[in-house]
Amino acid sequence: MSILNERQILHRLMVARDVVITPIVDLATQLGPTSLDVRLGTRFQAQKRSALAYIEPLQDPEEVRREIAEYTQDYTMRPTEPYVLHPGEFALANTLEFIRLPADLAVRLEGRSSWGRVGLQIHSTAGFVDPGFSGTITFELSNIGKVPIPLYPGLRIGQLSFYTSEESVIPYRSKRLTKYAGKIAPVGSAFYQDPEYRYIRRQKERDDAGRPTL
Amino acid sequence: MPRDLLTVTLCELAEQILAMREVLTEPAVATKPHARAVATLLGRGLDAVEGHLQRAAIVPDSDDPAAALRPLDACGRALRGLHRRLGLLDKRWDTAPIDIFLRQLREDAGGLPHPAVVLSDSFDALDDDVAGALRHDLDATGIAAGAAWHGQAVIAVPRLVATNPLAWPLLLPALVRLRGDTAQDPAAAAVCLGGPAVFAAQAAQALIMTPAGTPVWPALSRLAATAQRYAIHPAGDQGIGDDALAASEPVSLFVHLALSRDSALGFERAPHAHEGADAHPVSSAGAPLPSPSEAAALLAKLAAGVPINAVDPPLPPDFVQRLDAVDDPAGLYDLLEPLGERPATLPAILGVGWLYKVRYSYPYFREALRSGPTLRAALDAYRPHMIERTELLLQSIEAAHVQGIFLRGRLEP
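Those sequence lines, one after another, are chains A and B.
For what it's worth, the numbering used here labels the leading residue of the first sequence as 5, then goes sequentially.
For what it's worth, the numbering used here labels the leading residue of the second sequence as 80, then goes sequentially.
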């Protein structure tokens, strides 16, 4: 696995055209030696307070989806209005860019140092994008600083680095379980769709069936 | 009756039903018990509309074309009734996407008002003059409203229209009225702003919302003639090739459907002075349409599931050699200079969106109807296609708008 330099990135984007990244507003500003800056899109999903004690993933998935909605709120921001991320807050957003990767290229999303210096983290754990991905990439925004951060759509808050690999047999779009493939707006967590919960739920039903009732 | 008339009309009704179901099943609606109760009621209403469609239009009892069309008229009225109650859901409705559309329209065409957009339960809200109606109501009470109504531009948009970018050209006549430009024919002015998509959106709406006792063509003919001229106009200098004809394809289809519908319902086609060669001249001040080759490239992108926010730059012929040879920063930056994507205009995005609907969505729906045992099965099969198309067009409009802001900022002194 090797990292692409700027000429290789350009070649894949402009000549081979097997990597789709659109829009590219200003290549000269966005292209680095081994990276391409990406911008904040217009859609945000904020977390809000809820009276729910916690979300029980063993419930019916529709009920889990409803409970998640109790503490999330979707917003579309006009480009001249900021989404203000307050200290300690977390929100999802998406890249302005729609991205499609071929089966032999993975991407790593990283923050930019200018934003890191004011306490903005753009992903908390999932910064790796599989070969074959198609859609916008979700930012997991956190403000770990002490001052509110106004975020305008179009700002370059992240950068992508590209890694070649042997062509994958199961690119992201073809994976048996993909919860976020092809999504454009930021999508809240679908952790409850992991099959493990289904197995635990079945086991719980079996356990409960054998329990004496009063 | 041509089969395509029934397919397109059913597909347009299906999209309204699906769009309303999307609203009713939003998790945010499910979080409030009172909203959930309203959603359940409205859902039953939609079940009834679907059942009616299934019995009357999908499996018609007769070969009489009018017999298949008349039940669709009832569905249009029923959907209006359901739409009137959407406000009872007590949910947050997002007007930012349609506001971004209006902002971009001002950038594309210039000289437009920037009205406040509010959402309405009335499906006919776009015919409303919010300020005028309010003043009229006050006058009717005997309380003089006074003259201080300027600068309060408000457009009320039906809630379902706000969720569908392909329906946003329906706002344009209201914008033209707000602009107060009386020198130009309103239909021509609207087409100049939004391109042929204005006619396609109006005609699609007319097919499902016009009562069976009323012909649609008289209200559409002027718009049709203008849109036809406008769609072919950009190719005028190069001759009319297949690509140029493709750009006017939605216009031709909806002209054909409107006339077929009226004929099937027994209306005589009244001649109109402004049809054909007498169409109102198109102002050159309109937003530019894409060239035929650009439109074809955008359509190919959309068909591949890629947003159409930008037109790819042409690659210089010696680009690969120069890229291989470049060995200093200045050389690389010189190479990058002509490679910027150009944001697509709204008439381009919407025009290609409608072309995509004609080329892909209607056939997809026809196939879903053929293979599904029931209308419900067809709707289930069609839903992901409609959602993906809507998401791609929303992303296209928003990304093009943001891109335009940064591009202008870079290029303007």
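Each residue gets a CB set at the ideal place from its N, CA and C atoms; glycine is no exception.
- In this structure, residue 204 of chain A and residue 420 of chain B do not form a Cβ contact; the two beta carbons are roughly 48 Å apart against a cut-off of 8 Å.
- Where residue 47 of chain A is concerned, there is no enclosing alpha helix (DSSP H), although the beta strand (DSSP E) around it starts and stops at 40-51.
- Inter-segment contact for the region 278-289 of chain B and the region 216-223 of chain B is absent: fewer than three beta-carbon pairs are separated by less than 8 Å.
- Residue burial is scored here from C-beta neighbours: residue 449 of chain B has fewer than 16 other C-beta atoms within 10 angstroms and is therefore classed as exposed.
- Cα atoms of residue 9 of chain A and residue 39 of chain A: separation of roughly 7 Å, rounded to the nearest angstrom.
- Within chain A, 70 and 73 have C-beta atoms less than 7 Å from the C-beta of residue 109 of chain B, given in sequence order.
- Within 10 angstroms of the beta-carbon of residue 329 of chain B lie 16 or more other beta-carbons, which makes it buried.
- Contact of residue 173 of chain B with chain A by beta-carbon distance below 9 Å involves 78, 79 and 80.
- Listed in chain order, the positions of the region 11-26 of chain A with a beta carbon within less than 9 Å of a beta carbon of chain B are 11, 14, 15, 17, 18, 19, 21, 24 and 26.
- Contact between residue 52 of chain A and residue 75 of chain A holds: CB atoms are separated by about 6 Å, below the 8 Å threshold.
- Around residue 389 of chain B, the beta-carbon contacts reaching into chain A at under 7 Å are 26 and 27.
- Taking 8 Å as the cut-off, the Cβ atoms of residue 248 of chain B and residue 276 of chain B count as close.
- Judged by their CB atoms, residue 99 of chain A and residue 72 of chain A are not nearer to each other than the 8 Å cut-off.
- Close to residue 489 of chain B, with beta-carbon spacing below 9 Å, are these residues of chain A in chain order: 29, 30 and 33.
- In the three-state reduction of the DSSP assignment, residue 387 of chain B falls in the coil class.
- Taking C-beta atoms as the reference points, residue 46 of chain A and residue 101 of chain A fail to come closer than 8 Å.
- Around the beta carbon of residue 150 of chain A, fewer than 16 other beta carbons lie within 10 angstroms, which makes this residue exposed.
- Taking 8 Å as the CB threshold, residue 117 of chain A stays off the interface with chain B.
- A Cβ-Cβ separation of about 4 Å places residue 479 of chain B in contact with residue 388 of chain B under the 8 Å criterion.
- For residue 398 of chain B, the chain A residues whose C-beta falls within less than 8 Å of its own C-beta are 18 and 19, listed in chain order.
- Beta-bridge pairing by DSSP links residue 164 of chain A to A:40 and A:113.
- The region 153-167 of chain A makes contact with the region 106-122 of chain A, as at least three CB pairs between them are under 8 Å.
- Here the alpha carbons of residue 215 of chain B and residue 436 of chain B stand approximately 40 Å from one another.
- Boundaries for residue 482 of chain B: no beta strand (DSSP E) harbours it, while the alpha helix (DSSP H) harbouring it runs 454-490, taken from the DSSP string.
- Below 8 Å, too few C-beta pairs join the region 399-418 of chain B and the region 150-169 of chain B to call them touching: fewer than three.
- Here residue 33 of chain A is not near residue 175 of chain B, since their CB atoms are 8 Å or more apart.
- For residue 492 of chain B and residue 211 of chain B, the gap between their C-alpha atoms comes out near 42 Å.
- Against chain A, a Cβ distance below 8 Å from residue 385 of chain B picks out 24, 26, 102 and 104.
- Counting only Cβ-Cβ distances below 7 Å, residue 83 of chain A has contacts in chain B at 480, 481 and 484, in chain order.
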